[in-house]
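Chains as they are written, first to last, in my numbering: chain V, 5 to 342; chain G, 5 to 342; chain D, 5 to 342; chain F, 5 to 342.
Just so you know, even glycine gets a beta-carbon here, dropped at the ideal spot from N, CA and C.
Take a look at the structure set out below.
Protein chains: 4
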Amino acid sequence: MIIVLKPSTSPEQIQHFTDKLCADYDVKVNRWDGIQSTVLGLIGDTHNVDIEYIDAQDIVESVKRVQEPYKKANRKFHPENTVVKINDKVSIGDGSLHIMAGPCSVESEEQIVQIAKAVSVSGATLLRGGAFKPRTSPYAFQGLKSEGLDLLKIARKETGLPIVTEIMRTSHIDMFENVDIIQVGARNMQNFDLLKELGKTKKPILLKRGLSATIEEWLMSAEYIMAGGNDNVILCERGIRTYETYTRNTLDISAIPIIKKLSHLPVIVDPSHASGKSWLVEPLAMAAVAAGADGLIIEVHNDPPHAWSDGAQSITPNQFDSVAKKLFALKKALQNEN
Amino acid sequence: MIIVLKPSTSPEQIQHFTDKLCADYDVKVNRWDGIQSTVLGLIGDTHNVDIEYIDAQDIVESVKRVQEPYKKANRKFHPENTVVKINDKVSIGDGSLHIMAGPCSVESEEQIVQIAKAVSVSGATLLRGGAFKPRTSPYAFQGLKSEGLDLLKIARKETGLPIVTEIMRTSHIDMFENVDIIQVGARNMQNFDLLKELGKTKKPILLKRGLSATIEEWLMSAEYIMAGGNDNVILCERGIRTYETYTRNTLDISAIPIIKKLSHLPVIVDPSHASGKSWLVEPLAMAAVAAGADGLIIEVHNDPPHAWSDGAQSITPNQFDSVAKKLFALKKALQNEN
Amino acid sequence: MIIVLKPSTSPEQIQHFTDKLCADYDVKVNRWDGIQSTVLGLIGDTHNVDIEYIDAQDIVESVKRVQEPYKKANRKFHPENTVVKINDKVSIGDGSLHIMAGPCSVESEEQIVQIAKAVSVSGATLLRGGAFKPRTSPYAFQGLKSEGLDLLKIARKETGLPIVTEIMRTSHIDMFENVDIIQVGARNMQNFDLLKELGKTKKPILLKRGLSATIEEWLMSAEYIMAGGNDNVILCERGIRTYETYTRNTLDISAIPIIKKLSHLPVIVDPSHASGKSWLVEPLAMAAVAAGADGLIIEVHNDPPHAWSDGAQSITPNQFDSVAKKLFALKKALQNEN
Amino acid sequence: MIIVLKPSTSPEQIQHFTDKLCADYDVKVNRWDGIQSTVLGLIGDTHNVDIEYIDAQDIVESVKRVQEPYKKANRKFHPENTVVKINDKVSIGDGSLHIMAGPCSVESEEQIVQIAKAVSVSGATLLRGGAFKPRTSPYAFQGLKSEGLDLLKIARKETGLPIVTEIMRTSHIDMFENVDIIQVGARNMQNFDLLKELGKTKKPILLKRGLSATIEEWLMSAEYIMAGGNDNVILCERGIRTYETYTRNTLDISAIPIIKKLSHLPVIVDPSHASGKSWLVEPLAMAAVAAGADGLIIEVHNDPPHAWSDGAQSITPNQFDSVAKKLFALKKALQNEN
């Protein structure tokens, strides 16, 4: 961490500040006196140095991190890829391509089982489906709740597909015990209390990027989970909020190679929520695979116009079959090339 | 709600869709056949019509709301200003100016009592202070928690100032029973489960705008609380996330008159979090009052460089005294003018 | 165009407004009276109806376009892809993949010829290079200007590669007569006077998307050129400005399939400016090809650390050779699949 | 400027880089060796050091400016406020409040003279009006052009109000010789060729902030004009593009005190374009004055629903009279207070 002091700072103030830094943190302080200003450099483990605290000092002109503020999620301290193993067949982050597919909301046993069977045949290796739904309006359908979880388990039994579903409050963690991957939605990415509690479990967590979260904030939220002892975190890019309104969100395709560089965690992409339009799912999914994503999460509905939520962005099982074929062919072509 | 159908839609499809709309919602459907396309207009109470559901229909080209999707928060159905009464002296939204002041984090009894006394003398009518702190880093100070709440109550006893503090999880609602205003932070604005539970209480809620929430989404979150039966909602504009990095956030000053037009709820401004810089607190607070805000929430710390959080944006009690004088003088000048 | 009138509008006002619309534009007006409000529908050619004018009427509650405001750039009126033919070997938009490669700035004959030869061997079919440089600072290198154009022509003669370079003012159009593709930079995307003058030429124009331009505004700028009679427009997505600061801009990968749907014009991608980081060029270029781009424009410098501009995002000829191989292999795999 | 080198950098590379920096720029280089990395500090005049060039070096981890990249616009080198004197009565930046009022577009002699007289009576000290109009659509009204300039001069003769109007191309500078303030629109803020040419004149320039320009980029555009020798620059905040669509743009009210701190140039606010809604003009103008703006530019039209452009955001002369009264009363109250 590099700290630029204001020109007017006295030697006594510098000494006092330096002493305090050494006392508060496990760091050494190097000092460099320029003509206009003095610069301090913190050596050692600075990931827990509070940059806001430093910045608030009267004598500080500005501060710059050299090290990233996250440690457990940082590739520098963990060079190998993390592989999140779901079962004997599904390991996310191992170089293969995994597709999580299913409806936005679980609606009935018939619906979820039918979709699960269809996407399984087409190559999906996990089943997604919402039981508890975060909706902007209190008057919109809020999900089948615990009944939805039960239906997902039935579909799992029928198809063998592990299930992925979203949690919305801390007190539900016990209820999600038998879920294979617990999803934290974009709106809860900085629900720190929820992250802390999930950190105490060993469950694989699918952590969606917040609507306007920076990549660093997203990794800091992963760090919350990992700091509690749970390393099974899968990141999910699902589009960010920008000024462009043609798409529901703007898919930040750059996030994939950036996460791969900064972190060892697997990263997947949600082209359905990123775009909000079913006809954009295929090209965005193709781009995600070409950019190096470990997987995809795609909304598939047997009857999108009658979906209880997010129908506009869902594709049918037939469309999914065609998209999945192209995605696996692309993945294979990319692997042959390297 | 105006629904534009695709040119290829058949009369049978239109009839079927119309019948379904009338069956599902309490609306009538008017139809208008143009040369290129047919337009349907929904008459009646459309606030609970799911626009995503409509948009997902194969035959729908596009949809446009005419009515707002919020009802209880809507000024059209409640023309008079809502006044949130905290105690005999403090009523927010009644035309007077209220300032909530205090430290970002409660740190000690001495600190909070000293600040409370100082800001009270300068004209603040409520005491703010964080006991549970949402921090981006798991390694940063997370607040004194329940001890912080106790210290706030001591400061309230010493000064008579009602207290405002942030809640971070549903299971803490009982613990906040004796708090005067419960704050929902920006990161929890769409923690719908928390909003629902707060809707079951009668507590005044200070609902901060999310980092990238639209005004409509913010009002929809207020609607979540109000739909549960709790009308005591105070909105708080605290800056939005934009591409500009000079300030921590970009204060959306337009939000004040817009909220006043769209809703009957009181709206206050947080110039400290909006800017992240103490020297911007005064001009932004002045702008907020001139734009019609019902109040302000300002971070005041007796020793900002040693604050445990957010010191860079805190002002000292002396600075607060000067700012408050100017704000009340401005408010008086504006009232004399009208 | 659908116009919702305010509830209080009188029949006389509606009649007067309807008459005026029919007189001013080549449209018919359909009217539909609901219980709460009246809706007018404009039938006919509405692309030149001024939506701001409509919106300003006292009696108008809101307006919604059904047709797009661009016509010549619109795929609805021109279903076949536009192919911009540069010479006998290079046709952009014909289904093949074209890569424009070269340095940000032309620096010397040796530099530009050397790079041109190298990228040509690796498969680039056009040479890019800046002679006039738009720089944020007046103190930064502004390009070799007309000398730079001469050097580009030398490189073209040596390699046969057509040249692409940026124009910055209307009065330079004559000077650019012998350039193969004239580039309009992001900062000039709404320099309407420049667009109008370029519309009077027959030159192929590479129109970069503005830093915060919507897709519709971008197509409207293409429309400016086309309205003047020049249909040779190639669109270039180069990243948009968002809150994320890790990358220089955020590549809007969705723009590629969206442009393909809305317009018949070819669209290419600039992964160098989009990211600002050389190590991101490969994954973003791969994603662009997978998403359907007609080409790429990539910064290549023989000695990036000594580049006079944008060195951080340039790759070396060796790196380019490796990237190009992967891109052409990917393109081939995608073609085989379909 | 602080440069952090990569851990792997050799002493020879550091020496070579240091020598090059000293040779290329008028700086000294201080060096500080930490355990993990070496930091270089550039001492001297770094405003013309190309940060992109530095950042492109293989051995550079990251760079941080300590000094701002603008010099002539920088308050540090010019502590007194710049006052732009238009005539004997109008000096912008001298502590008084100036209002520029008038229609978006000049439409006829009758229109512009009538509005000019009205706003003059209400206290406006300058007349605004567009002759050349930048419009998103090539099919929209583009202004009366040189005829519009003539009409503005007639209105000036009738009322004595100096005139402000927008220039759109370099070749028009002679035509604007007799205009009092030349406006550079938001879309041309980085039309660097236009800025350079305006820098060669002595004309007062009203420089609007670009749609997505940072405050630093805006000041760099002012620097372009000033570097040419023209110090008569007035900055105009007119709203920035964000994700919020309720308003046309988001007024960045913080920009006013920030410009006042960073620069000595006067700054005014355009509440009409910032909001796009006439009913928001008053509260935003009030906020601007309270935040310290030197003036305002407000769209006034005698008949907004029949305005040829931007009618939705124009207010009538009667409304302007009421707003102006409140603004001057507010300004007076603020002056009395200090």
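message: Let me check understanding here. Comparing Cα to Cα, which of G:G133, G:R160, G:T129, G:L338 lies closest to D314 (chain G)?
response: Looking only at G:G133, G:R160, G:T129, G:L338, the smallest Cα-Cα distance to D314 (chain G) is reached by G:G133.
message: Please state the DSSP three-state secondary structure of W36 (chain D).
response: Note: W36 (chain D) maps to strand in three-state DSSP.
- prompt: In terms of alpha-carbon separation, which member of F:G152, F:L153, F:A159, F:G97 lies closest to A122 (chain F)?
  reply: F:A159 is the residue among F:G152, F:L153, F:A159, F:G97 whose C-alpha sits nearest the C-alpha of A122 (chain F).
- prompt: Which chain F residues sit within Cβ distance under 7 Å of S313 (chain D)?
  reply: Here the neighbours are E56.
message: For V273 (chain D), which residues in the same chain have their Cβ closer than 6 Å to its Cβ, ignoring the five residues on either side in sequence?
response: Around V273 (chain D): E241, A292, A297, L300.
query: With 8 Å set as the bound, which would you pick, yes or no: does the beta-carbon of W36 (chain G) sit closer than that to a beta-carbon of chain D?
result: A Cβ of chain D is located within less than 8 Å of the beta carbon of W36 (chain G).
- prompt: Going along chain D, which residues have a C-beta under 9 Å from E341 (chain V)?
  reply: Ordered by position in chain D, the residues that pass the 9 Å Cβ test against E341 (chain V) are K329, K330, A333, L334, A337.
task: Pull up the distance between the alpha-carbon of I171 (chain V) and that of K265 (chain V), whole angstroms please.
output: Annotation: I171 (chain V) to K265 (chain V) spans about 29 Å, alpha carbon to alpha carbon.
message: Just checking: is the beta-carbon of F309 (chain D) within a distance shorter than 8 Å of some beta-carbon in chain F?
response: According to the sequence shown, residue 309 (chain D) is Pro rather than Phe. Output row for P309 (chain D): interface = yes.
message: Just checking: is the beta-carbon of E248 (chain V) within a distance shorter than 8 Å of some beta-carbon in chain D?
response: At least one CB atom of chain D sits nearer than 8 Å to the CB of E248 (chain V).
query: Does DSSP put A144 (chain G) in a helix, in a strand, or in coil?
result: The DSSP-derived three-state label of A144 (chain G) is coil.
query: F81 (chain G) versus chain V: which residues are under 7 Å apart at the beta carbon?
result: Within chain V, no residue comes near F81 (chain G); the closest Cβ sits about 14 Å away, beyond 7 Å.
Proximity test, Cβ basis, 8 Å: G243 (chain G) and chain D: For G243 (chain G), the nearest beta carbon of chain D is not closer than 8 Å to its own beta carbon.
task: Compare the C-alpha of V64 (chain V) against each of V:C108, V:F136, V:I209, V:I7 and name the closest.
output: Comparing Cα-Cα distances from V64 (chain V) to each of V:C108, V:F136, V:I209, V:I7, the minimum goes to V:I7.
message: Cβ closer than 8 Å: which chain F residues qualify as neighbours of L223 (chain G)?
response: The contacting residues do not exist; L223 (chain G) stays about 11 Å from chain F at best.
query: If you measure beta-carbon to beta-carbon, which residues of the region 82-101 of chain V are closer than 7 Å to chain D?
result: Answer in chain order: no residues at all.
field: Residue from V:K89, V:N34, V:K68, V:M224 with nearest C-alpha to R139 (chain G)
entry: Nearest option by C-alpha distance: V:M224.
- prompt: How many angstroms separate the CA atom of P68 (chain G) from the CA atom of Q194 (chain G)?
  reply: Reading off the sequence, residue 68 (chain G) comes out as Lys, not Pro. Spanning the two alpha carbons is a distance of roughly 24 Å.
field: Bridge-paired residues (DSSP) for G45 (chain G)
entry: Per DSSP, G:I6, G:N34.
- request: Report yes or no: do three or more beta-carbon pairs, one from the region 230-239 of chain G and one from the region 201-215 of chain G, lie closer than 8 Å?
  value: Taking a cut-off of 8 Å on C-beta distances, the region 230-239 of chain G touches the region 201-215 of chain G, as three or more cross pairs fall below it.
query: Are there 16 or more other CB atoms within 10 angstroms of the CB of P11 (chain G), so buried, or fewer, so exposed?
result: Burial call: exposed.
Straight-line gap, E248 (chain F) to A217 (chain F) (C-alpha atoms, nearest Å): Rounded to whole angstroms, E248 (chain F) to A217 (chain F) spans 17 Å at the Cα level.
field: Sheet register partners of E303 (chain D) (DSSP bridge)
entry: Answer is D:G106, bridged to E303 (chain D).
message: Any beta carbon from chain G within less than 8 Å of T218 (chain F)'s own beta carbon?
response: So, interface residue.
- request: Report the rounded CA-to-CA distance for D98 (chain G) versus A328 (chain F), giving the unit in angstroms.
  value: About 27 Å.
task: Anything in chain V within Cβ reach of S279 (chain D), meaning under 7 Å, just list it in chain order.
output: Those within 7 Å of S279 (chain D) in chain V are S258.
Pairwise C-alpha distance: R245 (chain V) and S109 (chain V): If I take the Cα positions, the gap works out to 23 Å.
message: Quick check on D197 (chain F): does DSSP put it in helix, strand or coil?
response: The answer is helix: DSSP assigns D197 (chain F) an H, G or I state.
- request: Find the nearest neighbour of W222 (chain V) within the set V:V31, V:G48, V:D62, V:E72, judged by alpha-carbon distance.
  value: With distances taken between Cα atoms, W222 (chain V) lies closest to V:E72.
task: Have a look at the DSSP bridge pairing and note the partners of N78 (chain F).
output: Under DSSP, N78 (chain F) takes part in a beta bridge, and its partners are F:S267.
task: With a cut-off of 8 Å on the beta carbons, I'd call P107 (chain G) and I116 (chain G) a contact; round off their distance for me.
output: With 8 Å as the limit, P107 (chain G) and I116 (chain G) qualify as a contact, their Cβ atoms being about 7 Å apart.
- request: Taking all protein chains shown into account, decide if W283 (chain V) is buried (16 or more other Cβ within 10 angstroms of its Cβ) or exposed.
  value: Per the 10 Å Cβ criterion, exposed.
message: With the cut-off set at 8 Å, would you say G280 (chain V) and Q323 (chain V) are in Cβ contact?
response: Between G280 (chain V) and Q323 (chain V), the CB-CB gap reaches or exceeds 8 Å.
message: Is the beta carbon of P261 (chain V) closer than 8 Å to that of A295 (chain V)?
response: Going by C-beta atoms, A295 (chain V) is nearer than 8 Å to P261 (chain V).
query: Quick one: what does DSSP say G133 (chain F) is sitting in, helix, strand or coil?
result: G133 (chain F): coil per DSSP, three-state reduction.
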